[in-house]
Amino acid sequence: MSELTSPLQPFIVRQSGVLSELEQRSLFQLYQPIIGHRAVNLYLLLLQQPVNEQKLSQRKVHSYLFPYIEGALGTIDEARLKLEAVGLLQTYKEARTGVVHPTLLYDMQYPLLLHDFVENAYLCNALINQLGDLQFFEILKQWEIPDIEAAEFEEVSVSFETIFSKSNTDYYSQIDEMLKGRTVQQHSTNGPQRQASEHFDYAFFLRKLMAAHMDHSVFDYRFKQEMLALHTIYNYDENELAVLVLKHYHAKDTQIDYDQLRIEAATKPQPSPVATESTNVKPVHTQEAPIKEEADKRSAIQQAFPSLQDKEIEIVLLCERVTPLAMLTQIKRDKNGFVSAQEQMYIQNIAQLTSLPQSVQSFLVFYLLMIRNRTDFQKGESERVANEWQQQHLDSPAKVLNYIHQQAKVKQMRQKNTAKKQPYRTQQPKQKEPQPYWMKQQVATEKQNPKTSETTKSEAQLRNQLGQLFNEGGSEQ
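Under our numbering, the first residue of the sequence shown is numbered 819, with each subsequent residue one higher.
Written out as structure tokens, the structure reads:
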């Protein structure tokens, strides 16, 4: 029954869009009492995976889900089986032979609404068994549309002129001109709009944000609708809108300040129809603010740390914009590798164990994989380095780089001192051990009478031979 055997087993999600309000209500009120909150959590997590034009997500391993699901692999497998049982999920297994961990394809199904849910005998009986008769009928009452007698009510609404003062400028003609030839989103009872605008390349827009290392969790349904609305109302193209979004994206919290984004988007000057037809030059004022802000940061870093080079300041600014996981993904991709599930867990451990800012954690990844040229992000080494930086109170990548330079200078000075001491030792004259008087006299005698010394050596050899013969004769007796 269970096709999930390893945390390293990959999975792909296929889905067509987010849930409508009624489908969300059905999921929580009708399905959750049957399958439990863990299964609902897994369902929503799979449904939120970004997909491409073919409605397929990127291939990921199941250990990617561990930080978001209580428990381990068994909990995920149990929740998956419950989703399959109630019809919210269809699972397909890779059929190739010889694959150690075959990929699972999760085809997301949408919840049934109340009418279809009640007609399903299995689901209806399971819900009654979980809630009981009384609570089940209470839920049914919540789905009823109350009958309202219009005659019992009288209108007390106010008009527009009562609250707002009329402006002297009439913008209706400009709005009418802007909307000519455009298809705007309308309310539909068939579910949420799931197609991108024909005049806006949403996939190209997402690729630009991904290249800037924006976290994929931001690309939800609200994000897509907000971007299409800004494009439709203010006529932003893909490049202009990407610059504007990056300005209001907070990498530390992986969130976008939509309020400030709308306020700044509304300040874009709208060209007149004649100017639009006569020129294709697009305003670039949206790029000036990020450039000025980055220049101010650069000058502040140069003043605080004059020893840092321009390339090092670029690294500091990059670490302040990029999450550690995005940094690791980009570096491994540049090295023609991939991020393993263990490396993702090690990065999460660093975030939990240390109090280092996220920018310093991103620089830790860059330091180990680029400066030390490590192949992988290793647990022991990363924790040792992070512990050292935390003890030194290094709360910014610039301070870490300055600390690394100081340590390199200290090491260089030690090597110079060691090199200075070594030649002094090698140049010391060798001291000869003094010889006694009789040894010197014997050497002098041998030099004067070499024949006598040879005779003495031959006599000694003869004595040794006689001694050996004497010993052999004694042993035979």
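All C-beta atoms, glycine included, are put in the ideal place defined by N, C-alpha and C.
Of all the beta strand (DSSP E) runs that stay within the bounds of the segment 832-915, which reach a length of 3 or more residues? 907-911
With H, G and I counted as helix, E and B as strand and the rest as coil, what does DSSP make of residue 1163? Within the sequence shown, the letter at position 345 stands for residue 1163. Helix.
Sequence-distant residues of the same chain with beta carbon closer than 8 Å to residue 1210, five excluded per side: Translated into positions along the sequence shown, residue 1210 becomes position 392. 1221.
Under 6 Å Cβ to Cβ from residue 910, same chain only, skipping five residues before and after it: list those, please. Position 92 of the sequence shown, counting from 1, holds the residue named residue 910. Excluding positions up to five away in sequence, the list reads 923.
Going by DSSP, what residues sit across from residue 829 in a beta bridge? Along the sequence shown, one-based indexing puts residue 829 at 11. Paired residues: 878 and 922.
Among 1021, 1054, 1188 and 1155, whose alpha-carbon lies nearest the alpha-carbon of residue 1085? Position 267 of the sequence shown, counting from 1, holds the residue named residue 1085. Here the closest residue by C-alpha is 1054.
Nearest-angstrom Cα distance between residue 1141 and residue 1178? As a working mapping, residue 1141 is identified with position 323 in the sequence shown. As a working mapping, residue 1178 is identified with position 360 in the sequence shown. Their Cα atoms are separated by approximately 10 Å.
What is the DSSP secondary structure of residue 1081, counted as helix, strand or coil? As a position in the sequence shown, residue 1081 is number 263, starting the count at 1. In the structure shown, residue 1081 sits in a helix (DSSP, three-state: H, G or I).
So, under 8 Å CB-CB, residue 1157 and residue 1182 are touching, yes? Tell me the CB distance rounded to an integer number of Å. Reading the sequence shown from its first residue, position 339 is the one you call residue 1157. Reading the sequence shown from its first residue, position 364 is the one you call residue 1182. Incorrect: roughly 15 Å between the Cβ atoms, too far for contact.
Just the Cα atoms here: how many angstroms apart are residue 1102 and residue 1058? Walking along the sequence shown from the start, residue 1102 turns up at place 284. Walking along the sequence shown from the start, residue 1058 turns up at place 240. Its pLDDT being 42, under 50, residue 1102 is placed unreliably in this model, and the coordinates cannot settle the point.
With burial defined as no fewer than 16 other Cβ atoms inside 10 Å of the residue's Cβ, what is the status of residue 1099: buried or exposed? Residue mapping note: residue 1099 aligns to position 281 of the sequence shown, counting from 1. The predicted model places residue 1099 with a pLDDT of 42, which falls under 50 and marks its position as unreliable; any figure quoted below should be read in that light. Its Cβ having fewer than 16 others within 10 Å, residue 1099 is exposed.
Beta-carbon proximity list for residue 1076, same chain, < 7 Å, skipping 5 on both sides: In the sequence shown, residue 1076 corresponds to position 258, counting from 1. So the qualifying residues of the chain are 1044.
Just tell me which of 932, 876 and 948 has its CA closest to the CA of residue 963. As a working mapping, residue 963 is identified with position 145 in the sequence shown. Nearest option by C-alpha distance: 932.
Reference residue 908; option with closest CA among 865, 876 and 1056: Position 90 of the sequence shown, counted from the first residue, corresponds to residue 908. Of the candidates 865, 876 and 1056, the one whose C-alpha sits nearest the C-alpha of residue 908 is 865.
With a cut-off of 8 Å on the beta carbons, I'd call residue 1228 and residue 1039 a contact; round off their distance for me. Walking along the sequence shown from the start, residue 1228 turns up at place 410. Walking along the sequence shown from the start, residue 1039 turns up at place 221. Residue 1228 to residue 1039, Cβ: 54 Å. No contact.
Where does residue 1031 sit, in a helix, a strand or coil, going by DSSP? Working through the sequence shown from its first residue, we reach residue 1031 at position 213. In this structure, residue 1031 counts as coil in the three-state DSSP scheme.
If residue 926 sits next to residue 833, beta carbons under 8 Å apart, how far is it from one beta carbon to the other, in whole angstroms? Along the sequence shown, one-based indexing puts residue 926 at 108. Along the sequence shown, one-based indexing puts residue 833 at 15. That belief holds up - the Cβ atoms of residue 926 and residue 833 are roughly 4 Å apart, short of 8 Å.
Status (buried if at least 16 other CB within 10 Å, exposed otherwise) for residue 827: Taking the sequence shown and counting its residues from 1, one reaches residue 827 at position 9. Buried.
Output the distance between the C-alpha atoms of residue 1153 and residue 1021, rounded to the nearest integer angstrom. On the sequence shown, residue 1153 is found 335 positions in, with the first residue counted as 1. On the sequence shown, residue 1021 is found 203 positions in, with the first residue counted as 1. Roughly 25 Å separates the two Cα atoms.
Are the segment 1162-1172 and the segment 869-888 touching, with three or more C-beta to C-beta distances below 8 Å? yes
Ends of the alpha helix (DSSP H) at residue 1180? Here residue 1180 refers to the residue found at position 362 of the sequence shown. Segment 1176-1184, the alpha helix (DSSP H) holding residue 1180.
CA-to-CA distance, residue 1130 to residue 863, given in whole angstroms: Taking the first residue of the sequence shown as position 1, residue 863 is located at position 45. Taking the first residue of the sequence shown as position 1, residue 1130 is located at position 312. Whole-angstrom Cα-Cα distance: 38 Å.
Rounded to whole angstroms, what is the Cα-Cα separation between residue 1199 and residue 1171? The residue given as residue 1199 occupies position 381 in the sequence shown. The residue given as residue 1171 occupies position 353 in the sequence shown. So the two alpha carbons sit approximately 14 Å from each other.
Using a threshold of 9 Å, state whether the C-beta atoms of residue 941 and residue 852 are closer than that. One-based indexing of the sequence shown puts residue 941 at position 123. One-based indexing of the sequence shown puts residue 852 at position 34. Yes. Within cutoff.
Can you tell me whether residue 1074 is helix, strand or coil according to DSSP? Indexing the sequence shown from 1 puts residue 1074 at position 256. In the structure shown, residue 1074 sits in a strand (DSSP, three-state: E or B).
Cutoff 7 Å; reference residue 1218; Cβ partners in own chain excluding five residues on either side: Residue 1218 sits at position 400 when you count from the first residue of the sequence shown. So the list reads 1178, 1181, 1207 and 1212, once near-sequence residues are dropped.
Can you tell which of 888, 1122 and 1080 has its C-alpha closest to the C-alpha of residue 1047? By one-based count along the sequence shown, residue 1047 stands at place 229. For the residues 888, 1122 and 1080, the minimum Cα distance to residue 1047 belongs to 1080.
Quick one: what does DSSP say residue 1067 is sitting in, helix, strand or coil? Reading the sequence shown from its first residue, position 249 is the one you call residue 1067. Strand, per DSSP.
Closest Cα partner of residue 1166 within the set 1201, 1139 and 1028: Against the sequence shown, residue 1166 aligns to sequence position 348. Comparing Cα positions, the closest option is 1201.
Sorted by chain position, which residues of the same chain lie with C-beta nearer than 7 Å to residue 918's C-beta, five sequence neighbours on each side aside? Within the sequence shown, numbered from 1, the residue matching residue 918 stands at position 100. Counting only Cβ-Cβ distances below 7 Å, and skipping sequence neighbours, we find nothing.
Inter-residue Cα distance where the pair is residue 1010 and residue 1173: The residue you call residue 1010 lines up with position 192 of the sequence shown. The residue you call residue 1173 lines up with position 355 of the sequence shown. Any reading at residue 1010 must be qualified, since the residue scores a pLDDT of 40, below 50, and its modelled position is unreliable; the value itself is stated next. Between residue 1010 and residue 1173, the C-alpha separation is close to 42 Å.
Near residue 854, which residues of its chain fall below 8 Å by C-beta distance, leaving aside the five closest residues on each side in sequence? Against the sequence shown, residue 854 aligns to sequence position 36. Cβ neighbours of residue 854 beyond the five flanking positions: 897 and 900.
Suppose you measure from the CA of residue 875 to the CA of residue 956; what does that come to, to the nearest Å? On the sequence shown, residue 875 is found 57 positions in, with the first residue counted as 1. On the sequence shown, residue 956 is found 138 positions in, with the first residue counted as 1. Using only the alpha carbons, I get a separation of about 39 Å.
Can you check which of these residues, 949, 1125 and 1031, is closest to residue 1137 by C-alpha distance? One-based indexing of the sequence shown puts residue 1137 at position 319. Checking every option, the nearest Cα to that of residue 1137 belongs to 1031.
Which first and last residues belong to the alpha helix (DSSP H) in which residue 1124 is found? By one-based count along the sequence shown, residue 1124 stands at place 306. Run containing residue 1124: none; DSSP gives neither H nor E here.
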